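Numbering (this note's numbering), first residue to last: 525 to 845.
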């Protein structure tokens with residue numbers, strides 16, 4: 525339009541048209557620029573938002589990974605603790621069981637008080653006891669009966685008898701001392717004097733004889749060789765303790781032991797033979813009856829007063845009599 529106006533010589537119109545053109549052009553350029561700026565701004569915002577989301581996602585992922593790592597560590601630590609605890613518990617239980625078995629074995633060898641002293645001090649002191657009632661048993665004609673049994677049968681029969689004796693004395697708080705071949709030795713009044721009484725030892729002896737009499741009837745009925753037993757009891761002072769460091773055993777010493785042995789050897793089969801000192805302590809026991817034997821010659825002791833003791837009829841039934 526400005527070119528036409530110039531050709532016509534209308535310069536004013538040409539100028540106006542030119543100015544209008546420039547204005548329109550500039551306006552269009554500004555609009556395009558604004559659009560471009562808006563697009564750039566939008567792209568920037570979108571890129572920034574995407575970058576922020578990526579950062580947030582990365583941060584969240586890192587946090588999640590840290591949380592997973594922490595949980596895995598805690599789980600592993602907990603698992604280790606559980607496994608270690610289980611192993612420790614099992615080991616502790618095994619140790620306790622081993623200690624219990626060791627204590628049980630020790631108590632089969634020694635009285636409880638002596639065993640505790642031995643464990644705490646490493647040794648046990650010998651002690652003097654004023655009134656201990658000692659019981660000895662022995663099988664009459666042991667050698668001749670043993671010859672009729674095989675070694676296995678002999679040991680089994682001895683075990684049967686001695687196990688019965690063990691149960692009898694345990695029930696009355698009497699301490700088993702030892703077995704010597706076919707002899708059985710126990711004592712009342714030690715290591716705790718109040719644990720048993722002389723009368724309790726006498727009753728135990730009667731129960732032992734009742735067991736042996738019943739056992740003889742059983743084996744006689746089967747045509748098998750059987751034992752018959754003497755029992756002797758004496759009361760007096762002894763020294764008790766353990767000696768040595770290998771295969772040690774609780775034992776008692778003193779003339780009282782020798783006299784108790786003489787009571788047994790001076791007795792008779794099926795009887796319980798007691799000394800004068802024991803008789804003095806049990807003579808008023810309601811369930812017992814006594815037969816004085818007078819003075820009886822005892823090997824190495826001269827003549828000693830002795831008494832056979834039995835259970836009165838009502839009491840004897842409890843012994844199987």
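Positions of the beta carbon are idealized from the N, C-alpha and C atoms, including for glycine. Computed from a predicted model, the values in this text were never measured in an experiment.
Sorry if obvious, but does the Cβ on residue 814 come closer than 7 Å to a heavy atom of the ligand NAP?
With respect to small molecules bound, the structure shown includes none, and the ligand NAP cannot be examined in it.
So residue 682 is in the alpha helix (DSSP H); what residue range does that whole segment cover?
675-695
With 16 as the cutoff for other CB atoms within 10 Å, does residue 613 come out buried or exposed?
exposed
Residue 790 in three-state terms, based on DSSP
coil
Local conformation of residue 620 per DSSP, three classes
helix
Return the CA-CA distance between residue 753 and residue 645, expressed in angstroms with no decimal places.
41 Å
Less than 8 Å between the CB atoms is what I'm expecting for residue 725 and residue 659, so what's the real figure, rounded?
5 Å
How many whole angstroms separate the CB atoms of residue 757 and residue 799, which I take to be in contact at a CB cut-off of 8 Å?
7 Å
Where DSSP assigns a beta bridge to residue 799, which residues make up the other side?
830
For a test of the three-state rule: what should DSSP assign to residue 659, helix, strand or coil?
Three-state result, residue 659: strand.
In the DSSP assignment, find the beta strand (DSSP E) that holds residue 707 and state where it starts and stops.
707-712
By a C-beta neighbour count over all protein chains shown, 10 Å radius and 16 as the cutoff for buried, is residue 830 buried or exposed?
buried
Under the three-state DSSP convention, the category residue 838 falls into
Residue placement at residue 838 cannot be trusted, given a pLDDT of 49 that sits under 50; what the coordinates show is reported in the next sentence. In the three-state reduction of the DSSP assignment, residue 838 falls in the helix class.
Does DSSP put residue 629 in a helix, in a strand, or in coil?
helix
What did DSSP end up calling residue 543 once you bin it into helix, strand or coil?
In this structure, residue 543 counts as helix in the three-state DSSP scheme.
Quick check on residue 598: buried or exposed, where buried means 16 or more other Cβ atoms within 10 Å of its Cβ?
exposed
Buried or exposed, going by whether 16 or more other CB atoms sit within 10 Å of the CB of residue 791?
buried
Range of the contiguous alpha helix (DSSP H) that encloses residue 727:
722-745
Given a cut-off of 8 Å on the beta-carbon distance, is the pair residue 776 and residue 638 in contact?
no
According to DSSP, is residue 611 helix, strand or coil?
helix
Pull up the distance between the alpha-carbon of residue 727 and that of residue 669, whole angstroms please.
27 Å
Bridge partners for residue 503 per DSSP, in chain order?
There is no way to answer for residue 503, as the model of the chain reaches only from 525 to 845.
According to DSSP, simplified to helix, strand and coil, what is residue 582?
helix
Taking one C-beta from the region 731-745 and one from the region 676-690 each time, how about it: are there three or more such pairs within less than 8 Å?
By the C-beta criterion, the region 731-745 is judged to be in contact with the region 676-690, since at least 3 inter-stretch pairs fall below 8 Å.
Between the alpha carbons of residue 656 and residue 667, how many angstroms are there, rounded?
31 Å
Buried or exposed: which applies to residue 672, given that a residue is buried once 16 or more other Cβ atoms fall within 10 Å of its Cβ?
exposed
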